[in-house]
Amino acid sequence: MTIYTPYITVNGKRIFASAYGLKVFAIEVTEEQNERYWARRAEKEKKAKEKENKPDTKKNNKKDKKDKE
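The opening residue of the sequence shown carries number 96 in the numbering used here; numbering runs sequentially from there.
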């Protein structure tokens, strides 16, 4: 399976295909690698949603203290 991307990350820096006269980089990956990528991505999105829906108790405590004063 081939994945096409306009940039790749090497040593924490983005390298753009356009810098090499290309529109995209073509990267060969196996089906297993692709499945693992999507599974990790789904986990990250799930955690982000949980964090978004979770009330921030520190902020609420600060507001309560201000209201009491």
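Note that CB positions come from ideal geometry on N, CA and C, so glycine has one too.
Fair warning: this is a prediction, and the values are worked out from it, not measured in the lab.
In this structure, T100 is the residue among V105, E123, T100 and N106 with its C-alpha nearest to the C-alpha of A112. A direct Cα-Cα distance of roughly 30 Å separates E130 from G116. Looking from the CA of A121, the closest CA among A134, R136 and I98 belongs to I98.
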